[in-house]
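J.: Right, I'll just put the structure down here and ask away after.
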Amino acid sequence: GGFLDKLTFENKKFYLKQTTVKALNEVSFSIKKGEIFSVVGESGCGKSTLGRTILKLYSPDKGNIYFQGHRIDNLSPKQMLPFRTKMQMIFQDPYASLNPRKTVRQTLEEPIKFHQPSLNKKEIKEKVEQVMQQVGVDPEWADRYPHEFSGGQRQRISIARALMVDPEFIVADEPISALDVSIQAQILNLLMDAQAERNLSYLFITHDLSVVEHISSRVAVMYLGRICELASTEDLFSNPRHPYTQALLSAIPKLGETGLKHIKLKGEVPTPINLPSGCVFHSRCPHANERCKQEIPTLLQLQDGRQVACHGVEEKRI
Ligand code: SF4
Ligand code: MG
Numbered sequence: 020g021g022f023l024d025k026l027t028f029e030n031k032k033f034y035l036k037q038t039t040v041k042a043l044n045e046v047s048f049s050i051k052k053g054e055i056f057s058v059v060g061e062s063g064c065g066k067s068t069l070g071r072t073i074l075k076l077y078s079p080d081k082g083n084i085y086f087q088g089h090r091i092d093n094l095s096p097k098q099m100l101p102f103r104t105k106m107q108m109i110f111q112d113p114y115a116s117l118n119p120r121k122t123v124r125q126t127l128e129e130p131i132k133f134h135q136p137s138l139n140k141k142e143i144k145e146k147v148e149q150v151m152q153q154v155g156v157d158p159e160w161a162d163r164y165p166h167e168f169s170g171g172q173r174q175r176i177s178i179a180r181a182l183m184v185d186p187e188f189i190v191a192d193e194p195i196s197a198l199d200v201s202i203q204a205q206i207l208n209l210l211m212d213a214q215a216e217r218n219l220s221y222l223f224i225t226h227d228l229s230v231v232e233h234i235s236s237r238v239a240v241m242y243l244g245r246i247c248e249l250a251s252t253e254d255l256f257s258n259p260r261h262p263y264t265q266a267l268l269s270a271i272p273k274l275g276e277t278g279l280k281h282i283k284l285k286g287e288v289p290t291p292i293n294l295p296s297g298c299v300f301h302s303r304c305p306h307a308n309e310r311c312k313q314e315i316p317t318l319l320q321l322q323d324g325r326q327v328a329c330h331g332v333e334e335k336r337i
């Protein structure tokens, strides 16, 4: 078995008044220990929902989540406690994710006081300072409030908060996309350094394919709550097979020059409240046929090990 083993969801339904929104469907994969697994897709494709569901901030209606061999989707909050320290989340917006009324020290002490009540004051203080140092925030600033820090520094503090409990798995949901371009690389490097030093596993959620190519070993491409393609980063970028992956990659200038012509998708992403029949991508796919309009493609494993959900690939016409 893997690290985050057999994570499968058949459904995650959201209720908007009378309307049911199916947010995730037949999403299934596992993440290995020490792996950076990226989930990429446009906004609204379900990637944040996926990350939050794995951490049980949402619960799936059906399907299972296994963590280090333990099934966790059915655990009560109390039963979840031992897993809570091992699984942390870093959010997109460092302005919204820190409590403005708490000093950095209070923010960082909170999770460790809760999860490691046996530590004494001195040990807690040392740990706060050690982790602040690791993320590049001067420990002398521990008694300051979030508003005294820049966006990049706040994201460093958010990362420190996640690291305080010595996690093994982190869901990073667009952790650099709200930041100034000039500091995105610094924060990305910090995340990579922390990953390497602690052999962390990441589920890295992003819409930015250049980041994906840079950091991850495997990638899942999502569209309207489903995985279209799941492959090693190398395979995905050198030879995308799903028409949606092809369109996404063709929009990166570097790749556009070397082969893939820019593929312009027709129309808009349909609303998840009224999902298209058959393949959810059929209304925008340049290769759609009658079968695509009626039959939902399943995620099939190809010979090279990647998984693709597409009738056209299965029929060998793409
Ligand atoms: Fe396009 Fe059909 Fe493949 Fe969907 S199943 S991506 S519509 S070819
Ligand atoms: Mg999101």
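Each residue of the sequence shown is one higher than the last, beginning at 20 in UniProt numbering.
Beta carbons are placed, not taken as given, at the ideal position from N, Cα and C, and that holds for glycine.
Owing to the predicted nature of the structure, the values given are computational and were not obtained by experimental measurement.
1. For the beta strand (DSSP E) holding K144, just list the boundary residues, first then last.
2. Less than 8 Å between the C-beta atoms of R325 and L249, yes or no?
3. Hey, would you say the C-beta of H261 is under 7 Å away from at least one heavy atom of ligand 1?
4. Closer than 5 Å is what we want: which residues have a beta carbon that near any heavy atom of ligand 1? List them in chain order.
5. Within 8 Å, do at least three Cβ pairs link the region 112-131 to the region 151-165?
6. Can G171 and L207 be called in contact, C-beta distance under 8 Å?
7. Tell me whether E159, by its Cβ, gets closer than 7 Å to a heavy atom of ligand 3.
8. Between the Cα of Y85 and those of Q203, C64, S235 and S49, spot the shortest distance and give me the residue it belongs to.
9. Answer yes or no: do G70 and H226 have a C-beta to C-beta separation smaller than 8 Å?
10. According to the Cβ coordinates, are G104 and P186 closer than 8 Å?
11. What does the alpha-carbon distance come out to for the pair D80 and K51?
12. Beta carbon of F110, beta carbon of S220: below 8 Å?
13. Which same chain residues end up closer than 6 Å to F28 when comparing Cβ atoms and leaving out the 5 residues on each side of it in sequence?
14. Can you tell me which residues form a DSSP beta bridge with L249?
15. Between N118 and the rest of its own chain, which residues show a CB-CB distance below 7 Å, the 5 nearest in sequence each way excluded?
16. Please list the terminal residues of the continuous alpha helix (DSSP H) segment that includes T126.
17. Can you tell me the Cβ-Cβ gap for L76 and M106, rounded? I've got them flagged as a contact below 8 Å.
18. Distance, Cα to Cα, F256 vs G63?
19. Quick check on the DSSP output: what are the complete beta strand (DSSP E) runs of length 3 or more inside the region 59-109, in order along the chain?
20. Given this structure, state the Cα-to-Cα distance separating A328 from L210, to the nearest angstrom.
T.: Judging by the given coordinates:
1. Not the beta strand (DSSP E): K144 falls in the alpha helix (DSSP H), residues K140 to V154.
2. yes
3. yes
4. P262, C298, F300, H301, C304, H306, A307, C311, P316, C329, H330 and G331
5. yes
6. no
7. For the structure depicted, ligand 3 is absent and the ligand set comprises only ligand 1 and ligand 2.
8. S49
9. no
10. Residue identity differs from the one stated: residue 104 is Thr in this sequence, not Gly. Going by C-beta atoms, T104 is nearer than 8 Å to P186.
11. 25 Å
12. no
13. L43, V46, P79 and G82
14. A239 and Q326
15. T126
16. V123 to H134
17. No, L76 and M106 are not in contact; Cβ-Cβ is about 10 Å, not under 8 Å.
18. 23 Å
19. 81-83 and 106-109
20. 31 Å
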